[in-house]
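Protein chains in written order, with our numbering: chain A, 8 to 199; chain B, 8 to 199. Note that beta-carbon positions come from the ideal geometry of N, C-alpha and C, so glycine has one too. Below: the structure, in structure tokens.
As structure tokens, then:
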């Protein structure tokens, strides 16, 4: 998506060769017009997949996922992060460990919002090692839902997330795929 | 807002006389159509206030605040919660303690997203004791921004939040004001 690539080049801030800060338009300050266009792009791409719900992980995925859900006219479900496992029969939960920060959290989903009849589009802001998406898929499978596809705003294509998700049999559709980045340049892969 | 009141009566779940769970349409599963209508209502109400940015607190306020920002055609800024104070010159931060849970967190705002020229509409999902809104106002004043008003989805009018915010000189506009609730009934105050 050229609009997102251009915005990353204009307002993104690269630290080292691994960290991309998008605080000006996605994570901290959010551009609602860009989010609407991103939502439209996802809605168009997954239009023939019979999506019944959009799912995201709190909190940076909420804005683009909400816009996609609005365009597709389906509910949004926000998977919650909790610091530790809670004893709760009404919840599905699974532990996610970030390779980057080595921190763990419990990803949770209420049993009454997703069912085996649901066909899910999972949306998140970043894909790097794929740990968050893999955890979300695990949780959605506990609910016996079908994962129809994964929509990502920014993929760090030099990390193994996409390959790992593809190997589990899921499509990853990324709006901006970064091949290489440093303080001076950001190179994109031109196909989604 | 009748649509929100009706939805609370239909899908809200009251525990005791103090906890209202809105997991089915606001907090966990989110209804994008309702969020659009809420965004429109806020945009209409604050139309003549010269709002330059909408601000919310992660993560339950993001969906309605994004829709309001989209309707008003201004950026959204998400105040971040962090477990403890961090040493960071680029951040404004202030401690917020929840009266209900007695837990504390640091509310943070990057110095480069809000300025003294900004005229802010603060949006949050709930108002109870007003601690979160008071913390957000404190943070926005550190940035020398003007707070033009506060938009709330659900106000627990039997708690002191609204009065405390009004006493600081700010308007509170709440879409659903709950006078009393228990397992069997929810009574609303009919004016905003």
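Excluding its 5 nearest sequence neighbours in each direction, residue 49 (chain B) has C-beta neighbours in its own chain below 6 Å: 75 and 158, listed in chain order. In this structure, DSSP gives residue 118 (chain B) a state outside helix and strand, which the three-state scheme calls coil.
About 16 Å separates the CB atoms of residue 162 (chain A) and residue 143 (chain A); that is not less than 8 Å, and the two are not in contact. Residues are counted here when their Cβ sits less than 7 Å from a Cβ of chain A; for the region 33-48 of chain B these are 35, 36, 37, 38, 39, 42 and 43, given in chain order. Neighbours of residue 65 (chain B) across chain A, judged by C-beta separation under 8 Å: 65 and 66. Interface annotation, residue 92 (chain A): not in contact with chain B, CB-CB separation never under 8 Å.
Around the beta-carbon of residue 30 (chain B), 16 or more other beta-carbon atoms lie within 10 Å, marking it buried. The C-alpha of residue 192 (chain A) lies about 12 Å from the C-alpha of residue 25 (chain A).
Contact check for residue 65 (chain A) and residue 87 (chain A): beta-carbon distance about 6 Å, within the 8 Å limit, so the pair qualifies. Secondary structure in the region 136-186 of chain B: the beta strand (DSSP E) runs of 3 residues or longer, each lying completely within the stretch, are 153-163 in chain order. A residue is called buried when at least 16 other Cβ atoms come within 10 angstroms of its Cβ; residue 130 (chain A) meets this threshold and is buried. Residue 79 (chain B) and residue 63 (chain B) have their C-alpha atoms roughly 15 Å apart. A direct Cα-to-Cα measurement between residue 89 (chain B) and residue 132 (chain A) gives close to 20 Å. Bridge pairing for residue 88 (chain A): A:114 [DSSP]. Beta-bridge annotation (DSSP): residue 131 (chain B) is paired with B:159. Here the alpha carbon of residue 72 (chain A) sits roughly 7 Å from the alpha carbon of residue 83 (chain A). Per DSSP, the continuous alpha helix (DSSP H) segment holding residue 40 (chain A) begins and ends at 39-52. Boundaries of the alpha helix (DSSP H) around residue 11 (chain B): 9-18. When DSSP reads this structure, residue 99 (chain A) sits in a beta bridge with A:116. One finds 36, 37, 38, 39, 42 and 70 in chain B with Cβ atoms closer than 9 Å to the Cβ of residue 83 (chain A), taken in chain order. Note: residue 28 (chain B) is bridge-paired with B:20 in the DSSP secondary-structure output. CA-CA distance, residue 149 (chain A) to residue 67 (chain A), rounds to 24 Å. Residue 33 (chain A) carries a coil assignment under DSSP once its states are collapsed to helix, strand and coil.
One thing to note: residue 188 (chain B) has its Cβ within 8 Å of the Cβ of residue 21 (chain B). Between residue 154 (chain A) and residue 147 (chain A) the beta-carbon gap is near 6 Å, inside 8 Å, which marks them as a contact.
The C-beta distance from residue 152 (chain A) to residue 121 (chain A) rounds to 5 Å, short enough to fall under 8 Å.
With respect to the 8 Å criterion, residue 60 (chain B) and residue 119 (chain B) are not classified as neighbours on the basis of their beta carbons. With contacts defined by Cβ atoms closer than 8 Å, residue 171 (chain B) and residue 141 (chain B) form a contacting pair. Contact between residue 77 (chain B) and residue 39 (chain A) holds, since their C-beta atoms are separated by about 4 Å, short of 8 Å. Counting C-beta atoms within 10 angstroms of its own C-beta, residue 100 (chain A) has 16 or more neighbours from the protein chains shown and is therefore classed as buried.
In this structure, residue 180 (chain A) sits near residue 52 (chain A), with a CB-CB distance shorter than 8 Å.
Bridge partners of residue 81 (chain A) according to DSSP: none are assigned.
Here the alpha carbon of residue 37 (chain A) sits roughly 8 Å from the alpha carbon of residue 85 (chain B).
Inter-residue distance for residue 190 (chain B) and residue 16 (chain B) is about 11 Å (C-alpha atoms, whole angstroms). Residue environment: residue 111 (chain A) is assigned as exposed (fewer than 16 neighbouring CB atoms within 10 Å of its CB, all protein chains considered). Under DSSP, residue 194 (chain A) shares a beta bridge with A:187.
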